[in-house]
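**Q**
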Amino acid sequence: MITAQRITAEELHHSLKDIKVGGNVCHYSLKKCEELVPLINDIRELKEAKNAVILVHSYVSPEILYGVGDYVGDSYALSKNAMETEADTIVFAAVRFMGETAKILNPNKEVLIPALLDGCTLADSIDAKTVRQLRQEFPDYTFVCYINTSAEVKAESDVCVTSANVYKVVEEIPNDKIYFLPDKLMGQNLVNEMKARGVKKDIKYSSGTCYVHEEYTTEDIFKVRTEYPDAKIVSHPECTPDIIAQSDFVGSTTQMLSYMRETESKKFLMLTECGLSSRLQAEFPDKQLVGSCTMCRYMKSNTLEDIHRVLTNPTARDQVHIEETMRLKAEKAIKAMFHYTQL
Ligand code: 13P
Ligand code: SF4
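Read in the numbering used here, the sequence shown has 127 at position 127, and its numbers run on one by one without any break.
The structure is reproduced here in structure tokens:
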């Protein structure tokens with residue numbers, strides 16, 4: 001049962017005061033927190049009344065993360081949270097493919113998506129018809145889909161993966177022919193990582209990209225290394241192979257955060273969406289971020305107002321519905337991911 005604990009403006013300010021979004025200006029003054037707290041406390045009460053849980057991806061704005069979020073993490077951790085929750089309603093403050101994953105795992109729960117821009121350039125780059133055509137063309141291949149895909153694409157795939165487990169899962173799959181979709185950069189990184197591990201696999205991949213991560217260049221790394229030679233370069237596997245080759249650490253958003261926590265270095269360049277930099281500023285104020293980051297317009301379209309709206313008066317678009325035959329097929333691919341991850 002979710003209990004509604006009220007939060008004060010001072011408590012919220014304590015969590016957010018070190019976050020400086022864009023430049024050196026703190027956007028969360030005590031006055032700003034006083035303005036935010038009434039809506040945050042209304043949402044907390046609604047959660048209790050509806051026995052609802054709010055799952056938040058790390059890229060979503062800090063007032064949501066620290067104001068109303070029950071679970072915060074990467075797409076792997078959040079899909080596990082979604083599988084394990086006993087709440088009746090799941091509000092997924094992220095993008096549509098994550099809300100769909102929660103619904104695939106919880107057909108009897110209400111799943112609500114507050115984001116008004118709920119797309120993702122990766123998930124939107126491929127549809128089920130294309131996967132069916134590819135399967136006809138490559139009948140001997142195991143089709144591995146990134147979690148950043150629609151429910152219909154998952155339903156046409158054999159195994160789902162996330163950035164947290166893609167290398168491990170592909171290594172474990174007992175077929176040396178793999179078709180990975182839809183991220184071409186992650187596909188190239190997968191080929192390189194399997195080579196580095198001495199794993200022989202014939203890996204094909206499709207042509208999608210994440211518009212946030214593909215923008216980073218080795219010039220960004222060069223500038224930081226010149227000015228701050230002791231800075232650690234931390235990147236997400238959706239970045240280009242050149243970036244990956246020059247990084248000190250590569251992993252999912254949660255793994256990137258854990259690396260920073262466990263590494264003695266004080267300076268970090270984070271090559272991922274800005275939300276993770278905000279979390280770093282809030283949770284590790286003694287560490288310094290260098291360089292700049294880019295925002296995902298989809299993740300950042302989540303607002304406290306829309307979370308309040310979906311908890312009070314959800315429209316059909318806010319509620320996730322997945323046809324049962326498709327859901328069962330997509331669930332098989334997600335359960336296969338849990339299976340290979342645990343081996
Ligand atoms: P993570 O699973 O690493 O959080 O990544 C999700 C995502 O959309 C990255 O752009
Ligand atoms: Fe999709 Fe990229 Fe946004 Fe992640 S950051 S949700 S991959 S568009």
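From the three backbone atoms N, C-alpha and C, an ideal C-beta is built for every residue, glycine too.
Let me know the beta strand (DSSP E) ranges lying completely inside the segment 274 to 333, each 3 residues or longer, listed in chain order.
**A** Taking only runs of at least 3 residues, no beta strand (DSSP E) segment lies wholly in the segment 274 to 333.
**Q** List, from N- to C-terminal side, the beta strand (DSSP E) runs of 3 residues or more that fit wholly inside the segment 103 to 156.
**A** As far as the segment 103 to 156 is concerned, its whole beta strand (DSSP E) runs of at least 3 residues are 110 to 112 and 142 to 146.
**Q** Say whether the segment 51 to 71 touches the segment 127 to 146, bearing in mind that this needs 3 or more beta-carbon pairs closer than 8 Å, one atom from each stretch.
**A** Taking 8 Å as the limit for Cβ pairs, the verdict is that the segment 127 to 146 does not touch the segment 51 to 71.
**Q** In whole angstroms, give me the CA-to-CA distance for ILE147 and SER79.
**A** Taking the straight line joining both Cα atoms gives about 10 Å.
**Q** CYS210 by DSSP, collapsed to three states: which one?
**A** In this structure, CYS210 counts as coil in the three-state DSSP scheme.
**Q** From THR149, ILE40 and ILE244, pick the residue whose C-alpha is nearest to that of ASP127; which is it?
**A** The candidate whose alpha carbon is nearest that of ASP127 is THR149.
**Q** What distance in whole Å lies between the Cβ atoms of ILE203 and LEU190, which are believed to be in contact at a cut-off of 8 Å?
**A** That belief holds up - the Cβ atoms of LEU190 and ILE203 are roughly 6 Å apart, short of 8 Å.
**Q** Buried or exposed: GLY360, going by 16 or more other Cβ atoms within 10 Å of its Cβ?
**A** Residue 360 lies beyond the stretch modelled for the chain, which goes from 1 to 343, so this question has no answer here.
**Q** Is MET83 near ASN51, with beta carbons less than 9 Å apart?
**A** Not closer than 9 Å, so no.
**Q** In chain order, what are the residues with a CB under 7 Å from some non-hydrogen atom of ligand 2?
**A** The answer, residue by residue, is TYR59, VAL95, CYS120, THR121, LEU122, ALA123, ASN148, CYS210, TYR211, VAL212, HIS213, GLU238, GLU273, CYS296, TYR298 and MET299.
**Q** Given this structure, state the Cα-to-Cα distance separating ASP220 from GLU86, to the nearest angstrom.
**A** Roughly 44 Å between the two C-alpha positions.
**Q** The alpha helix (DSSP H) with LYS201 in it runs from where to where?
**A** Neither: LYS201 is in no alpha helix (DSSP H) and is coded neither H nor E.
**Q** Distance check for VAL37 and GLU10, CA to CA, integer angstroms please.
**A** Going by the C-alpha atoms only, they are around 10 Å apart.
**Q** Leaving out the 5 sequence neighbours to the left and right, which residues in its chain are closer than 6 Å to LEU46 when beta-carbon positions are compared?
**A** So the qualifying residues of the chain are LEU311.
**Q** Which same chain residues end up closer than 8 Å to LEU280 when comparing Cβ atoms and leaving out the 5 residues on each side of it in sequence?
**A** For LEU280, where only same-chain residues beyond five positions count, the Cβ hits under 8 Å are LEU257, MET260, PHE268, MET270, LYS287 and LEU289.
**Q** In whole angstroms, what separates the C-alpha of TYR360 from that of PHE284?
**A** Missing from the structure shown is residue 360; the chain here goes from 1 to 343 and no further.
**Q** Considering only residues of the same chain and omitting the five flanking positions on each side of ILE322, which have a CB-CB separation below 8 Å?
**A** Excluding positions up to five away in sequence, the list reads GLU100, LYS103, ILE104, PRO107, ALA151 and ALA330.
**Q** Going by the CB atoms, is the gap between ASP230 and SER207 shorter than 9 Å?
**A** The answer is no: Cβ separation not under 9 Å.
**Q** Tell me the DSSP secondary structure of ASP42 in three-state form.
**A** In this structure, ASP42 counts as helix in the three-state DSSP scheme.
**Q** Does the distance from the C-beta atom of LEU112 to that of VAL91 stay below 9 Å?
**A** Yes, these two residues count as a Cβ contact at 9 Å.
**Q** Taking 8 Å as the cut-off, is the C-beta of SER385 nearer than that to any heavy atom in ligand 1?
**A** Within the shown structure, residues of the chain are numbered from 1 to 343, placing residue 385 beyond reach of any answer.
**Q** Hey, how far is the Cα of ILE43 from the Cα of SER301?
**A** So the alpha carbons of these two residues sit roughly 18 Å apart.
**Q** Verify the contact flag: TYR259, CB atom, against every heavy atom of ligand 1, threshold strictly below 8 Å.
**A** The answer is no for TYR259.
**Q** In or out: THR73 buried (at least 16 other Cβ within 10 Å) or exposed?
**A** One point to set straight first is that residue 73 is Gly, not Thr, in the sequence displayed. Result: buried.
**Q** So is HIS13 buried or exposed if we call it buried at 16+ other beta carbons inside 10 Å?
**A** By the neighbour-count rule (16 or more Cβ atoms within 10 Å), HIS13 is buried.
**Q** With C-beta atoms as the reference, is ILE243 less than 9 Å away from TYR216?
**A** Against a cut-off of 9 Å, the Cβ pair of TYR216 and ILE243 comes out as a contact.
**Q** Between the C-alpha atoms of LEU181 and ARG135, what's the straight-line distance to the nearest angstrom?
**A** Straight-line Cα distance between these residues: approximately 12 Å.
**Q** Any heavy atom of ligand 1 within a distance shorter than 8 Å of the CB on TYR76?
**A** For ligand 1, at least one heavy atom lies less than 8 Å from the Cβ of TYR76.
**Q** Can you name, in chain order, every residue of its own chain whose Cβ lies under 6 Å from the Cβ of CYS33, other than the five neighbours on each side?
**A** Cβ within range, chain order: ALA9, LEU12 and HIS13.
**Q** Express the C-alpha separation of ILE307 and ASN345 in angstroms, rounding to a whole number.
**A** The shown model of the chain, from 1 to 343, leaves out residue 345, and the question about it has no answer.
**Q** For the candidate residues LYS129, ILE334 and HIS236, whose alpha-carbon lies nearest to that of ASP344?
**A** This structure gives no information on residue 344, because the portion of the chain shown stretches from 1 to 343.
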